[in-house]
Amino acid sequence: MDIANEASSGTGWNESRIVDLLGAAAWKVMVGGGVVAAAVGVVALVWPGATLAVVGVLFGVYLLAYGVTQLVGAFGPHVPGSYRALSVLSGTLSVLLGLMSFRSVAQSLFLLAIWIGFGWLLSGVSMIMVAVSGSERPLRAWSGLLGAVTLLAGLTVVIWPFSSIATLTIVAGIWLVVIGVTEVVHGVQVRRRTTTPGL
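For what it's worth, this note's numbering labels the leading residue of the sequence shown as 3, then goes sequentially.
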């Protein structure tokens, strides 16, 4: 059977099948990323005595996981092709910021807050642009909500003049839990849009 017949019969690697596979991968990574975000947020909230270096590592783990989520999610069916590059860029920068949080940047409260906030700002803007890219896109409301929450979190962390690591930890921890829960729900919604059984 040739490729054309495979595509027409539904047994080959046609475009619909590829989109379904990407959608399946996207929702799993989104849910996983949301769980990581919420978990890091809870750890930050219940560890009031954490040092700056420890908080830097915690949020570095989150930014790294979130960046990977953005990279994989960029190829999901809910992301229009014209904004895929923006999502990839946002994910790549989040990964880089996460890696930087593992280094000496954690010695400065100001720089750590900037890295965390900047990562959220990039991701939030990216998701909002995807959400408003076209009225025919699926899950626009959830993408927009997640983007707005992430953007607001970034603005809060960047603008707020933190006087101590305890304050930064509490504020960022709360936002991580909110972002994580929202992302899990978003991932579940993406899962409902996939059509391939068993994925």
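Note that the Cβ used here is the ideal one computed from N, Cα and C, for glycine as well.
- Between the alpha carbons of residue 34 and residue 163 lies a distance of about 31 angstroms.
- Residue 132 and residue 142 have their C-alpha atoms some 8 angstroms from each other.
- Annotation note: the region 28-96 contains the following uninterrupted alpha helix (DSSP H) runs of length 4 or greater, listed N- to C-terminal: 54-75.
- Ranked by how close their Cα comes to the Cα of residue 122, the residues 39, 186 and 192 have 39 in first place.
- In this structure, 110 is the residue among 110, 177 and 150 with its C-alpha nearest to the C-alpha of residue 55.
- Between the region 150-160 and the region 86-103 there are fewer than three C-beta pairs closer than 8 angstroms, too few to call the two in contact.
- The three-state secondary structure of residue 110, taken from DSSP, is coil.
- In the three-state scheme derived from DSSP, where H, G and I count as helix and E and B as strand, residue 134 is classed as coil.
- The residue among 30, 181, 92 and 145 with its C-alpha nearest the C-alpha of residue 120 is 92.
- Residue 181 counts as buried, since no fewer than 16 other beta carbons sit within 10 angstroms of its beta carbon.
- Per DSSP, the unbroken alpha helix (DSSP H) holding residue 145 starts and ends at 142-161.
- With fewer than 16 other Cβ atoms inside 10 Å of its own Cβ, residue 53 counts as exposed.
- Pairing residue 29 with residue 190 gives a Cβ-Cβ distance under 9 angstroms.
- Spatial neighbours of residue 134 in its own chain (CB-CB distance under 8 angstroms, excluding positions within 5 residues in sequence) are listed in chain order as 142 and 146.
- Considering only 70, 113 and 36, the residue with the shortest C-alpha distance to residue 57 is 113.
- At least 9 angstroms separates the beta-carbon of residue 94 from that of residue 32.
- Beyond the five residues adjoining it in sequence on each side, residue 171 comes within less than 8 angstroms, by CB distance, of 46, 47, 49, 50, 52 and 57 in the same chain, given in chain order.
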